[in-house]
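Letter by letter, the sequence shown follows residues 29 to 312 in this note's numbering. Taking it in order: structure first as structure tokens, then the write-up.
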Amino acid sequence: MPAGGGVHSIMRFLGLGLADTVPDANTIWTFREALTRARICGKPAVEALFERFDAALAAAGFLAMSGQIIDASIIAAPKQRNTEGEKRDIKEGRIPPEWAKKPARLRQKDRDARWTVKYTKAKPSEEGMPRVDLAVPAFGYKNHLGIDRRHRLIRRWTVTDAARHDGALLPELIDRNNTAGDVWADTAYRSKANEKFLADRLLRSQIHRKKPKGKPMPRRTARANARKSAVRSAVEHVFARQKGPMGLFIRTIGIARARTKIGLANLTYNMQRLLWLTGQAAPA
């Protein structure tokens with residue numbers, strides 16, 4: 029909940045009183061289904077709603093400023109227990125024959141979510157010895173974000189399956205309305221294509237540099253990456269907020285519903301962040 033206002037701020041925003049009834053789970057599900065199907069000006073309704081709120085942020089003085097930070101995070105979904113043949117059919121865009129015979133089973137299968145491997149950086153031991161990084165399998169979708177450095181508000185977003193490479197989405201996440209030209213991101217976004225994309229648009233790349241293959245990281249590069257990390261880490265707080273207090277998890281089937289769920293989470297984050305920012309600006 030937003031700092032300073034909590035539940036009462038949300039109730040005021042929704043026009044609810046203490047004695048009012050609130051929608052049950054079925055009502056919310058029906059609304060979300062309608063929102064998933066709806067389109068506004070040719071685009072998914074949740075995207076149009078997000079853009080309207082972003083325009084309201086700008087009108088309130090919260091312009092995208094000081095550069096932008098790009099990153100992505102896996103949003104988990106219930107794991108699918110499929111055979112190797114079923115996995116192969118799904119990857120190739122086919123419905124497994126056994127599923128086609130059982131419509132009820134097919135409706136419960138998410139054919140859009142994907143498995144991927146997430147690597148966790150192991151910290152050195154107390155004796156200073158390096159440890160092996162852990163590879164953790166994950167299933168679900170990815171929330172790709174672009175936030176502005178000044179206000180840490182989400183300005184651009186898109187949703188893919190969890191296996192999609194982060195760097196390929198950078199062009200979709202760049203906010204041309206940001207008042208500064210710096211773009212921060214981790215090494216997953218470092219490529220010749222992305223560097224050219226930024227340079228062609230007069231944007232300054234603050235993307236982490238990769239360690240040379242088979243060689244130690246040059247000290248100068250390591251220091252530059254550390255400076256970039258101090259800025260880039262702000263986006264991790266957005267994901268921590270969504271996965272922690274907001275409890276973001278995909279329980280629906282298919283990427284269309286996942287996009288609505290994640291889009292609403294991004295919109296809600298911005299609403300809560302706006303409450304916090306206006307609270308900070310209010311006189312004591």
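Glycine residues also receive a C-beta, built at the ideal position from the N, C-alpha and C atoms. Quantities reported herein were computed from a predicted structural model and do not represent experimental measurements.
Exercise. Are the Cβ atoms of N253 and W185 separated by less than 7 Å?
Worked result: It is not a contact, given that the beta carbons lie outside the stated cut-off.
For this session: Using only alpha-carbon positions, find the residue among W143, F225 and T148 that is nearest to R192.
Result: Checked all of W143, F225 and T148; the closest Cα to R192 is W143.
For this session: Would you check if the distance between the CB atom of G168 and the CB atom of A105 is smaller than 7 Å?
Result: Contact: yes.
For this session: Measure the C-alpha to C-alpha separation of R135 and A166 and round it to an integer number of angstroms.
Result: Going from the Cα of R135 to the Cα of A166 covers about 22 Å.
Exercise. So, is V164 buried or exposed, given that buried needs 16 or more other C-beta atoms within 10 angstroms?
Worked result: Burial check for V164: the Cβ neighbour count within 10 Å stays below 16, so the residue is exposed.
Problem set entry | Cα-Cα separation, M29 to K241 | Interpretation of M29 is limited by its pLDDT of 42, a score under 50 that renders its predicted location unreliable; the figure taken from the coordinates is listed afterwards. Their backbone Cα atoms lie some 45 Å apart in a straight line.
For this session: Would you check whether the ligand SAM has a heavy atom nearer than 6 Å to the C-beta of R80?
Result: By its list of ligands, the structure shown contains no ligand whatsoever, and the ligand SAM lies outside what it can speak to.
Exercise. What residue from P131, T207 and R285 has the CA that sits closest to S94's CA?
Worked result: The shortest Cα separation from S94 among P131, T207 and R285 belongs to T207.
For this session: Confirm, please, whether the CB-CB distance from I97 to A262 is below 7 Å.
Result: Yes, they are a contact pair.
For this session: Counting only the same chain and skipping the five closest in sequence on each side, list residues whose C-beta sits under 6 Å from that of M299.
Result: No residues qualify anywhere along the chain.
For this session: Locate the alpha helix (DSSP H) running through K243, then write down its first and last residues.
Result: Note, K243: premise wrong, no alpha helix (DSSP H); not H, not E.
Problem set entry | beta strand (DSSP E) segment containing F277, residue limits | F277 -> no beta strand (DSSP E), and no H or E assigned at all.
Exercise. If you run the structure through DSSP and keep just helix, strand and coil, what is R177?
Worked result: Note: R177 maps to coil in three-state DSSP.
For this session: Give every residue of the same chain whose Cβ lies closer than 7 Å to the Cβ of L305, excluding the five residues on either side of it in the sequence, and list them in chain order.
Result: The residues are F90 and H179.
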